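In my numbering, the protein residues as written are 1 to 100.
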């Protein structure tokens, strides 16, 4: 059976999170590395909260060097992920304000 879109996204999130940690010379948690490396979709981890916290914690120079690095495919994907994550948060807040 093919993995669902959600399963593919969770795995890719772990891969991008692991990339971000590695390029900063930080240790990748075992469960994140396992999720990133495994094609067994039983080991999926939802790392979005920790992943976004890691990006938010970058200083501006590090952000530019790691996320806006046009020479790296992973960095370009990371930049796109971050842009979409911020937009989703903005829309979520707008919906909450509108509906409450």
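Cβ coordinates follow ideal geometry from the N, Cα and C atoms, glycine included.
Please read these numbers as outputs of a predicted model, since none were measured by experiment.
State the Cα-Cα distance for the pair residue i and residue j, rounded to the nearest angstrom.
i: residue 31; j: residue 56; result: 21 Å
i: residue 76; j: residue 51; result: 16 Å
i: residue 66; j: residue 54; result: 12 Å
i: residue 83; j: residue 18; result: 18 Å
i: residue 41; j: residue 4; result: 10 Å
i: residue 24; j: residue 86; result: 22 Å
i: residue 98; j: residue 6; result: 27 Å
i: residue 60; j: residue 78; result: 15 Å
i: residue 28; j: residue 2; result: 27 Å
i: residue 38; j: residue 12; result: 11 Å
i: residue 71; j: residue 35; result: 26 Å
Should residue i and residue j be called a contact, given that it needs their Cβ atoms to be closer than 7 Å?
i: residue 81; j: residue 10; result: no
i: residue 14; j: residue 45; result: yes
By the 10 Å Cβ neighbour count, where 16 or more other Cβ atoms means buried, how is residue i classified, buried or exposed?
i: residue 68; result: exposed
i: residue 33; result: buried
i: residue 88; result: exposed
i: residue 20; result: buried
Sequence ranges, alpha helix (DSSP H) only - wholly within the segment 20-66, length at least 4
For the segment 20-66, the continuous alpha helix (DSSP H) assignments of 4+ residues that do not extend past its boundaries occur at 30-37, 48-56, 60-66, in sequence order.
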